[in-house]
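Asks: Reminder that position 62 of the sequence shown reads as 62 in my numbering, one-by-one numbering, no gaps.
Where is the CB? At the ideal position from N, CA and C, for every residue including glycine.
This one's a predicted model, so the numbers in the text were calculated from it and none came from an experiment.
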Amino acid sequence: GVRIPGDISSVGFDDMTFCMMVEPPLSTISVDKKRFGRLAVEGLIARMLGSDDYHTKVALDVLLIERDSVKSLKT
1 GVRIPGDISS VGFDDMTFCM MVEPPLSTIS VDKKRFGRLA VEGLIARMLG SDDYHTKVAL
61 DVLLIERDSV KSLKT
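(1) Measuring straight from C-alpha to C-alpha, what distance separates residue 10 and residue 39?
(2) Report the partner residues of residue 81 according to the DSSP bridge assignment.
(3) Would you report the Cα separation of residue 20 and residue 28, rounded to the nearest angstrom?
(4) To which residues does DSSP link residue 64 through a beta bridge?
(5) Taking the alpha carbon of residue 16 as the reference point, which residue from 32, 53, 48, 51 has its own alpha carbon closest?
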């Protein structure tokens, strides 16, 4: 008996295809998966080659894709 977005709002991550196919369409966060993967592989290779830098902080840009699963707070 819970209504989306009337009672709760819902946001997904990764903007998978099904996000547009559910009812209501799911708002989601999109991230560049190829860049994310490339950075992960580069980090693994660096560790395999003997890098002592085990603590790396990476920030990737994301995009909010607004669909109908979030209640509007505009009055």
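Replies: Based on what the coordinates show:
(1) Within the sequence shown, numbered from 1, the residue matching residue 10 stands at position 10. Within the sequence shown, numbered from 1, the residue matching residue 39 stands at position 39. Going by the C-alpha atoms only, they are around 29 Å apart.
(2) Nothing about residue 81 can be reported from this structure: the residues present for the chain run from 1 to 75 only.
(3) On the sequence shown, position 20 is the one that residue 20 refers to. On the sequence shown, position 28 is the one that residue 28 refers to. Distance between the alpha carbons of residue 20 and residue 28: 10 Å.
(4) Here residue 64 refers to the residue found at position 64 when the sequence shown is read from its first residue. Looking at the DSSP assignment, residue 64 forms a beta bridge with 29.
(5) Position 16 of the sequence shown, counted from the start, is the residue given in the question as residue 16. Here the closest residue by C-alpha is 32.
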